[in-house]
Structures are given as structure tokens and as C-alpha cells.
Amino acid sequence: IFIVNISIFAQPVLNATDIISNFSATTYNANPANFSVGSSGADQVWDYSSIANVLKGTYTSVSSQNTPFVNSFSNPNYFLKATSSTPDIYEIYNLSTTKYETLGQSYDAGVIVNFSPNPFTVFEFPFTYNTIINDTYTTTTNSNPVAFSINYDAYGTIKTPFGIYNNVIRRKTTTGTRLNYLWFGVNPYRPILEYIFISSTNSQVTIFQPNNLVTSQNQLSQNIKISPNPTNGNFNINLDNSLNENFGVEVYNILGERCHSQVINQNQNEIKTNNLSKGVYFIKITKNDAVWNGKVLVE
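Under my numbering, residue 1293 is the last one in the sequence shown; the count climbs by one each step, no gaps.
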């Protein structure tokens, strides 16, 4: 991993208006071995373009109606859904003009964590270079405040296997001995790479590949359904396609290997799974530059 320093970029600033309601990205797990976060400071270049990675899932904004157990949280107004080979996880936030806070997480079977009545601060706005935030959080199962700090400690250019991103902010979050580094773009806000260090034997790297035309992605997602799911045979992709337009379909396993591809153009389209082993598979449907992501369980 090659890290150098140059001096050509203005200081990027994150504002509340940068958090968009139609965010969508594909996520990848990367190899954390020998990972270096590089230096703090202005005008950094972080080169992770050669880091090994495998497909993880998706990370998309969703509505409150599609978020389970949303009424368990106080004043939620922004929601993200993370899919992978494990059950889908929903992240619940409160976004205001001055602050972005995590209220908790849920999944289809219940609440995972509830940061109440003292939420976990993600950002304070405007989030400017050298900002340091010292704060605490509590949960419904632990009322003892946990201290943490947030530091906008660097900005510059980051290179990943999926592109080169300029005017990127790096946010460092410290909670005890746990470290979290998040590289993200602004205008609009989009996470690009996250490194979590818990111990010398427990760390992880996630790479985000933002999807194009996320507005079209959200419009498509309202009209696309996979059934039956789970399936022990073939499954159907059902969509509103009265004009018989062509959609591309790709099926990936949890290693990121493409197992199947075809073009569909009907309201109900059969996908044959007789060559697929049991497990979780990711479905990618495209129309021009618009992307829809889902998953199916083959039993």
C-alpha cells in the first residue's frame, strides 16, 4: 500500500444537506492484513487500489415503513439497510441541521441495540478540518455513559479497486482501544472505505462502491420482487414491465463470483437455480445505468 503527500486540494466540509435520501452502494470485504491507515493531515493520498476484496452485499437508504421496529426509537428520520450473507441489518438515525446521530439498529426479529436516551454522535455540522468531538453514549441495556471521540484528522485523495476519489474526508473515531477510520466524499455524502480495529486479531475493512443513478435505483426497487424467497428450486423476478423493456440480471455468490446472467423482459421472469448450491446469492438487476440489488436464499 503506497501512501504519499501532495498539496493541491481545498479543505472539504461536510454539511447536513450532503446526507441524501437516495443513497445506494455495493459493499465488499477487504483483507485487513498489513492494512495501514496512513498519515493524518492535509492533502493525503491513500492508495488501496490493489487490496484484495470479495463481494459483501449492499448498503442503501430505505423508508421508515420498510424499517422493522422503527417505533422502538425516539425521533428517527433517516434509515439505512445493510445486506450480506447474514440477516439484513437496519440502521436508524436522527438527522438535523446541526447533528447526525445513530439511534440504534434493528433486524426483522427485533432490536439489536438502542442508544437511548443518549444517542451515538456520527457528525456535527459543519464538519470541518481538525474538528474534535468528545461525547458519550448509553444504551437501553447499559445506562453507564461510554466515552468516545471523533476527529476530522485528514483529507485528500483515496484510491480503491473501484475508482479514485478526490476531496475525501477521513474521520477517526476512538472508543477505548477500538478505532474506526471512515473515508468519505461530500456533496453528496458517500462512504468509500471503512477500517475497524478492535484488536490485533480482530479488524475489518469494508469498501463501498456507490451505485450510479440511485434515484432510478430507488424507483426500480419499489417494483421488483423475488419469489419464492427462500427457494428450493427456481425463483421468479417480478417487475412492472408493461413496455417489455430489457433488464440485465446477474447472480453472485458470497465470494463475489458471478454464477448466472441473463436478460429479462417480462412482468414475471423465471431464473433457473439448478446449477446453484445451497446458500445466499446476491441479485443485481440493471437497466441502462440504473441498478437494483437484492438477495435470495437457495435451500
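The beta carbon of each residue, even a glycine, is placed where N, CA and C say it ideally should be. All values reported here derive from a predicted model rather than from experimental measurement.
Residue i versus residue j: straight-line alpha-carbon distance, rounded
{"i": "Gly1234", "j": "Asn1259", "result": "For the sequence presented, residue 1234 should be read as Asp rather than Gly. Going from the Cα of Asp1234 to the Cα of Asn1259 covers about 10 Å."}
{"i": "Ile1231", "j": "Gln1262", "result": "6 Å"}
{"i": "Thr1200", "j": "Ile1045", "result": "11 Å"}
{"i": "Trp1177", "j": "Ala1024", "result": "15 Å"}
{"i": "Gly1098", "j": "Ser1110", "result": "8 Å"}
{"i": "Lys1289", "j": "Gly1157", "result": "25 Å"}
{"i": "Leu1074", "j": "Glu1085", "result": "5 Å"}
{"i": "Thr1280", "j": "Asn1138", "result": "47 Å"}
{"i": "Asn1009", "j": "Thr1091", "result": "8 Å"}
{"i": "Thr1294", "j": "Asn1226", "result": "Summary: the structure shown does not reach residue 1294, with the chain confined to residues 995 through 1293, and so no result is reported for it."}
{"i": "Asn1240", "j": "Tyr1275", "result": "22 Å"}
{"i": "Ile1126", "j": "Tyr1146", "result": "7 Å"}
{"i": "Trp1040", "j": "Ser1034", "result": "11 Å"}
{"i": "Ser1210", "j": "Phe1017", "result": "Residue placement at Ser1210 is flagged as unreliable, the pLDDT there being 38, under the threshold of 50; the coordinate-derived value follows with that caveat. About 11 Å."}
{"i": "Asn1136", "j": "Ser1255", "result": "48 Å"}
{"i": "Tyr1087", "j": "Tyr1072", "result": "5 Å"}
{"i": "Ile1277", "j": "Leu1291", "result": "11 Å"}
{"i": "Val1048", "j": "Ile1186", "result": "15 Å"}
{"i": "Ile1192", "j": "Pro1070", "result": "28 Å"}
{"i": "Thr1167", "j": "Tyr1246", "result": "33 Å"}
{"i": "Ser1068", "j": "Lys1219", "result": "31 Å"}
{"i": "Glu1251", "j": "Asp1129", "result": "42 Å"}
{"i": "Val1116", "j": "Ser1057", "result": "20 Å"}
{"i": "Pro1081", "j": "Ile1106", "result": "12 Å"}
{"i": "Asn1108", "j": "Pro1182", "result": "27 Å"}
{"i": "Val1257", "j": "Arg1172", "result": "46 Å"}
Exposure label - residue i; buried when at least 16 CB within 10 Å
{"i": "Asn1212", "result": "For Asn1212, the predicted structure reports a pLDDT of 41, less than 50, and the residue's modelled location is therefore unreliable. A value from the coordinates is still provided. Burial call: buried."}
{"i": "Pro1120", "result": "exposed"}
{"i": "Pro1224", "result": "exposed"}
{"i": "Ser1055", "result": "buried"}
{"i": "Ala1019", "result": "buried"}
{"i": "Gly1273", "result": "exposed"}
{"i": "Ala1103", "result": "exposed"}
{"i": "Gly979", "result": "Residue 979 is absent from the model: the chain starts at 995 and stops at 1293."}
{"i": "Val1285", "result": "buried"}
{"i": "Gln1203", "result": "buried"}
{"i": "Thr1154", "result": "buried"}
{"i": "Thr1151", "result": "buried"}
{"i": "Gly1179", "result": "buried"}
{"i": "Asn1205", "result": "buried"}
{"i": "Ser1215", "result": "The predicted position of Ser1215 is uncertain, since its pLDDT is 48 and thus under 50; a value taken from the coordinates is nonetheless stated next. Classification for Ser1215: buried."}
{"i": "Pro1113", "result": "buried"}
{"i": "Gly1170", "result": "exposed"}
Identity of the residues DSSP links to residue i by a beta bridge
{"i": "Thr1280", "result": "Gly1242 and Val1285"}
{"i": "Glu1264", "result": "Asn1230"}
{"i": "Thr1077", "result": "Thr1052"}
{"i": "Thr1130", "result": "Ala1141"}
{"i": "Val1255", "result": "Reading the sequence as shown, one finds Ser at residue 1255 and not Val. Ser1255 pairs with Glu1244."}
{"i": "Ser1018", "result": "Thr1054"}
{"i": "Asn1108", "result": "Gly1098"}
{"i": "Asn1028", "result": "Asn1028 is not bridged to any residue."}
{"i": "Lys1093", "result": "Glu1118"}
{"i": "Ser1271", "result": "Bridge partners of Ser1271: none, in fact."}
{"i": "Thr1225", "result": "Val1292"}
{"i": "Ala1148", "result": "Gly1035 and Arg1164"}
Could you say if the segment 1151-1164 and the segment 1003-1010 meet the contact criterion of at least three C-beta pairs nearer than 8 Å? yes
Is it true that the segment 1081-1101 meets the segment 1056-1065, where meeting means three or more beta-carbon pairs spaced less than 8 Å apart? yes
Quick test of the definition: if touching needs 3 or more C-beta pairs under 8 Å, does the segment 1011-1030 touch the segment 1137-1148? no
At which residue ranges does the segment 1045-1072 contain complete beta strand (DSSP E) runs of 3 or more residues, listed in the order of the chain? 1047-1056
So within the segment 1150-1215, which uninterrupted alpha helix (DSSP H) runs reach at least 4 residues, ignoring any that extend past its ends? 1208-1215
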